[in-house]
Amino acid sequence: MDKFDYDVIIIGSGPAGSSLARILNPNLKVLLVDKRALGNEPSKLIKNCGGLIAPDAQKALASFGLSIPKSVLVSPQMFSVETLDFDNNMVRSYQRHYINVDRERYDRWLVSLCDKNIKKSFGTRYIKSEKYENGLKVTLLKDGVKQTFSTRILVGADGANSRVKKEFMPVNNIKKYISIQEWFENTEDINQFVAMFDEEISDFYSWIIPKDDHIIFGSAVQEGRDATTYHNLQKKKLEKYGYKLDKPIKREGCYLLRPTSPKYINLGDGCVALIGEASGLISPTSAEGISYAMISGCMLGDAINEDISNFLNIYKNKAQKLKNNISSKMLKYPTMYNKNIRKMIFKLGVGSIEIRGRK
Numbered sequence: 001m002d003k004f005d006y007d008v009i010i011i012g013s014g015p016a017g018s019s020l021a022r023i024l025n026p027n028l029k030v031l032l033v034d035k036r037a038l039g040n041e042p043s044k045l046i047k048n049c050g051g052l053i054a055p056d057a058q059k060a061l062a063s064f065g066l067s068i069p070k071s072v073l074v075s076p077q078m079f080s081v082e083t084l085d086f087d088n089n090m091v092r093s094y095q096r097h098y099i100n101v102d103r104e105r106y107d108r109w110l111v112s113l114c115d116k117n118i119k120k121s122f123g124t125r126y127i128k129s130e131k132y133e134n135g136l137k138v139t140l141l142k143d144g145v146k147q148t149f150s151t152r153i154l155v156g157a158d159g160a161n162s163r164v165k166k167e168f169m170p171v172n173n174i175k176k177y178i179s180i181q182e183w184f185e186n187t188e189d190i191n192q193f194v195a196m197f198d199e200e201i202s203d204f205y206s207w208i209i210p211k212d213d214h215i216i217f218g219s220a221v222q223e224g225r226d227a228t229t230y231h232n233l234q235k236k237k238l239e240k241y242g243y244k245l246d247k248p249i250k251r252e253g254c255y256l257l258r259p260t261s262p263k264y265i266n267l268g269d270g271c272v273a274l275i276g277e278a279s280g281l282i283s284p285t286s287a288e289g290i291s292y293a294m295i296s297g298c299m300l301g302d303a304i305n306e307d308i309s310n311f312l313n314i315y316k317n318k319a320q321k322l323k324n325n326i327s328s329k330m331l332k333y334p335t336m337y338n339k340n341i342r343k344m345i346f347k348l349g350v351g352s353i354e355i356r357g358r359k
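The sequence shown begins at 1 in the UniProt record's numbering and counts up by one.
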């Protein structure tokens, strides 16, 4: 039997990577890597994410027998979303059931659930890999020093701009967006989630989410457009609805994927597997990715535990239901992103609620 430093090296310790690490057989040698300094509080590198745990992610947590601790939650806990349709100059509110969390604390909590046998290397960047026996030699960079480890399996759980995916998988034409998110002091006492549809800005959407004494404003703009310009334009147009956003405290940015077909989902090849958004598993309508991340991580873990020599085929079979789910999301696409259909739905008030007492 070939000798490897690790059975599994996981690049990325977000919900996908930590979920995988949590359920792997304790007899396996596992290394969990993340560029964020998750061993320190707080990390200088923060995941650009709205930090709303949607019903699909709540269902995933329930299926794993997990309950979110109070320390991870932030206020307010919201039960509605105000939807601003700039294309049709209309506003509607809809009931939604999100759990509002601090995303970094959420990731730390998931990592804390991993078994003590999992070796963690935080503040560490993935550099490259090369073939070794029937596995790989993986080069990492920590504190300016390169380290090389051999592994039977390499897992890319490193998000939309996955370095693992770029190195091993063919380029596909999955739609990419630049997500920009700014933090502001919540001086206007905004206490609801706001979603914006505006074709002038993007064919996706923008958002406002309150977080304790702050609010975050974010936009997802198609790759190739000047994301900063359109983000700022959306911010300016919000003044019409009473949202004045100036003097940002901090600014974040990242890539965001939007699979418009299951063909854009790549689960891996050979001894390399992809999970979470690195594989393209993310909702094309809402950009919700936490549920897909946790479920795909657990599916891969089950596959490795079942038969490490045939893990990828088993994983692909298990993940077919996630690909089918992505396909079903596309049926909802026209009702959200076709302005004419959306106008009709807004006029009819289908599914909307009246918010009383709001200014």
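For glycine and all other residues, C-beta sits at the position ideal for the given N, C-alpha and C.
Which listed residue (the options) has its alpha carbon closest to that of residue i
i           : options                : result
I275        : K263, L256, P259, I295 : I295
K166        : D269, E104, T124       : D269
M78         : F86, E188, H97         : H97
L52         : D34, A37, K235, V72    : V72
K347        : N89, G135, L154        : N89
P284        : Y177, K321, Q320       : Y177
N186        : S219, K244, Q222, L136 : K244
E133        : R152, D143, L140       : R152
I299        : I282, S286, K321       : The residue you asked about is not Ile; residue 299 is Met in the sequence shown. Selected option, being the one with the closest Cα: K321.
K329        : P262, G135, V221, G224 : P262
N100        : K175, P76, W207        : P76
E188        : A160, K175, A227, Y241 : Y241
K250        : I215, R22, I304        : I215
S112        : K3, K237, A293, A21    : A21
S202        : W109, N232, F184       : N232
S60         : S286, E223, R103, A293 : Position check: residue 60 holds Ala in this sequence, whereas Ser was assumed. When each option's Cα is compared against that of A60, the closest is A293.
D5          : I23, L24, V30          : V30
L24         : I341, I355, A303       : A303
residue 391 : W207, G50, T139, I326  : It is not possible to answer for residue 391, since the shown part of the chain is limited to 1 through 359.
S219        : S286, S162, K323, G156 : S286
Same chain, Cβ closer than 6 Å to residue i, neighbours up to 5 away in sequence not counted
i    : result
K120 : L32
N172 : Y264
M169 : N266
E199 : D87
V81  : Y94, R96, F193, A195
K343 : N88
D115 : P26
D107 : G14
Per DSSP, the bridge partner or partners of residue i
i           : result
residue 370 : As shown, the chain starts at 1 and ends at 359. That puts residue 370 outside it, with no answer to give.
W207        : A195, G218
L32         : I10, K120
R225        : E223
V138        : S129, F149
S93         : E82, I353
G253        : I180
R258        : K175
Cutoff 8 Å; reference residue i; Cβ partners in own chain excluding five residues on either side
i    : result
M1   : Because M1 sits at a pLDDT of 45, beneath the cut-off of 50, its placement in the model cannot be relied upon, and the following sentence gives the value as read from the coordinates. Here the set comprises nothing.
D143 : G123
T228 : I180
D213 : E185, N186
S18  : L32, D107, L110, V111, L113, C114, G297
Own chain residues within Cβ distance below 7 Å of residue i, not counting five before or after
i    : result
M56  : The displayed chain sequence assigns Asp, not Met, to residue 56. E288, S291, listed in sequence order.
L28  : D7, V8
K339 : D87, N88, E199
A319 : L267, S296, M299
- prompt: Can at least three beta-carbon pairs, one atom from the stretch 189 to 206 and one from the stretch 304 to 315, be found at a separation below 8 Å?
  reply: no
message: Extract the residue ranges of the beta strand (DSSP E) inside the stretch 264 to 300, only unbroken runs of 3 or more that lie entirely within it.
response: With a minimum length of 3 residues, the continuous beta strand (DSSP E) runs that stay inside the stretch 264 to 300 are 272 to 274.
field: Inter-stretch contact (C-beta, 8 Å, three-pair minimum) for the stretch 110 to 129 and the stretch 10 to 23
entry: yes
Ordered list of alpha helix (DSSP H) runs contained in the stretch 57 to 87, each at least 4 residues: Taking only runs of at least 4 residues, no alpha helix (DSSP H) segment lies wholly in the stretch 57 to 87.
query: Can we say the stretch 247 to 259 touches the stretch 274 to 289, given the rule of at least three CB pairs closer than 8 Å?
result: yes
message: Any contact between the stretch 56 to 70 and the stretch 139 to 159? By contact I mean 3 or more CB pairs, one from each, below 8 Å.
response: no
message: For a minimum of 3 consecutive residues, which ranges assigned as the beta strand (DSSP E) are wholly contained in the stretch 150 to 196?
response: 175 to 185
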